[in-house]
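S.K.: Numbering follows this note's numbering, with no gaps: position 121 of the sequence shown is 175.
Think of the CB as a built atom: it goes at the ideal place given N, C-alpha and C, for glycine as much as any other residue.
Being a predicted model, the structure only gives us computed values, none of them experimental.
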Amino acid sequence: MAAATSSDAPAQDTAMSHPLSQQYREILVGLGENPEREGLLDTPKRAAKAMQYLCHGYQQSLDEIVNGALFESDNDEMVIVKDIELYSLCEHHLLPFIGKAHVAYIPTGQVLGLSKVARIVDMYARRLQIQENLTKQIADAIQRVTNAAGVAVVIEAKHMCMMMRGVEKQNSVMSSSVMLGAFRESCNTRHEFLQLIGRSN
């Protein structure tokens with residue numbers, strides 16, 4: 055009989071050996087739980103994998119995300135991508151905040167591939183964040199990539215750290231905005247953007 059090859063052996067569970075798994079196990083113990091009970095046996099591994107996924111923006115760069123998807127265009131009118139769903143983690147409590155981003159820019163000779171705007175939002179959202187910094191990081195990235203005449207970003211989100219703990223205000227929504235270039239300098243341009251995303255009032 056042929057000897058078993060390495061491919062016949064059970065695959066090593068790399069997620070369980072990840073340092074994060076052990077840390078989650080210690081958290082369970084610290085909470086007074088028994089990590090050996092049936093419902094929690096795989097929880098450290100699952101939690102580690104989930105956290106790695108939720109924070110995978112640290113493994114991405116702006117150049118990799120854009121990947122050359124800039125196209126020549128003589129359009130100099132406002133481009134808006136609105137209602138981009140985002141999911142991030144508050145850096146203070148590691149609790150989620152969930153909302154939508156509205157992104158606009160005014161091209162100066164080239165436009166960015168449509169999906170890249172959403173991917174830029176995701177890259178920065180998949181890091182430990184506060185909403186104010188997230189808004190600015192997205193705006194600065196769009197500006198840097200497109201060299202646009204102006205960039206505007208508005209984010210509206212619900213924060214679990216305010217809904218599940220603390221003041222426990224379940225219906226509160228935080229809005230943040232960053233206006234660069236023409237959007238900052240021109241009231242008319244800014245108003246047009248806010249009107250088009252339904253936030254003119």
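Once the 5 residues before and after ARG244 are set aside, which same chain residues still bring their CB inside 8 Å of it?
M.R.: These residues qualify, in order along the chain: ALA206, MET233, PHE237 and ARG238.
S.K.: Among GLY252, GLY163 and TYR141, which one has its Cα closest to the Cα of GLY153?
M.R.: Closest option to GLY153, Cα to Cα, is TYR141.
S.K.: DSSP has PRO150 in a bridge; who is on the other side?
M.R.: LEU143, per the DSSP bridge assignment.
S.K.: Between which two residues does the alpha helix (DSSP H) carrying HIS72 extend?
M.R.: Taken as a continuous stretch (DSSP letters only), HIS72 belongs to no alpha helix (DSSP H), as it is neither H nor E.
S.K.: So, are the CB atoms of ILE134 and ALA158 less than 7 Å apart?
M.R.: Yes, the Cβ-Cβ distance between ILE134 and ALA158 is below 7 Å.
S.K.: With DSSP as the reference, label LYS223 as helix, strand or coil.
M.R.: In the structure shown, LYS223 sits in coil (DSSP, three-state: anything other than H, G, I, E or B).
S.K.: Just how far apart, CA to CA, sit SER127 and ILE160?
M.R.: Computed Cα separation, rounded: 11 Å.
S.K.: What residues are listed by DSSP as bridge partners for PHE125?
M.R.: Its beta-bridge partners are VAL165.
S.K.: Since ILE174 and ILE119 are thought to touch, with beta carbons under 8 Å apart, how far apart are those beta carbons, to the nearest angstrom?
M.R.: Yes, ILE174 and ILE119 are in contact; Cβ-Cβ is about 6 Å, under 8 Å.
S.K.: Might you give, ordered along the chain, the residues of its own chain that have their beta carbon closer than 7 Å to the beta carbon of TYR112, omitting 5 neighbours on each side?
M.R.: Closer than 7 Å at the Cβ level, and outside the excluded window around TYR112, lie ARG181.
S.K.: Comparing C-alpha positions only, which one of ILE196, SER169 and TYR78 sits nearest to GLY235?
M.R.: It is ILE196.
S.K.: How should PRO98 be labelled, buried or exposed, when 16 other C-beta atoms within 10 angstroms of its C-beta is the threshold for buried?
M.R.: Per the 10 Å Cβ criterion, buried.
S.K.: Hey, would you say LEU108 sits closer than 7 Å to LEU143, going by beta carbons?
M.R.: For LEU108 and LEU143, yes; Cβs fall inside 7 Å.
S.K.: Around the Cβ of ALA56, are there at least 16 other Cβ atoms within 10 angstroms (buried) or fewer (exposed)?
M.R.: Legend: pLDDT at ALA56 = 43, less than 50; position of this residue unreliable, no value from coordinates given.
S.K.: Going by the CB atoms, is the gap between GLU145 and GLN185 shorter than 7 Å?
M.R.: In this structure, GLU145 does not lie closer than 7 Å to GLN185 by Cβ.
S.K.: Considering only the alpha carbon of each residue, which of ARG100, ASP194 and LYS170 lies closest to GLN76?
M.R.: Of ARG100, ASP194 and LYS170, the residue nearest in Cα terms is ARG100.
S.K.: Would you tell me roughly how many angstroms separate the C-alpha atoms of SER231 and TYR178, rounded to the nearest one?
M.R.: The straight-line gap from Cα to Cα measures roughly 15 Å.
S.K.: Flag GLN249 as yes when its Cβ comes closer than 6 Å to any non-hydrogen atom of the ligand NAP, and as no otherwise.
M.R.: Of the ligands one can find in the structure shown there are none, so the ligand NAP has no counterpart to examine.
S.K.: Of the choices SER240, GLN249, ASN121 and SER169, whose alpha-carbon is the least far from that of GLU139?
M.R.: Ranking SER240, GLN249, ASN121 and SER169 by Cα distance to GLU139 puts SER169 first.
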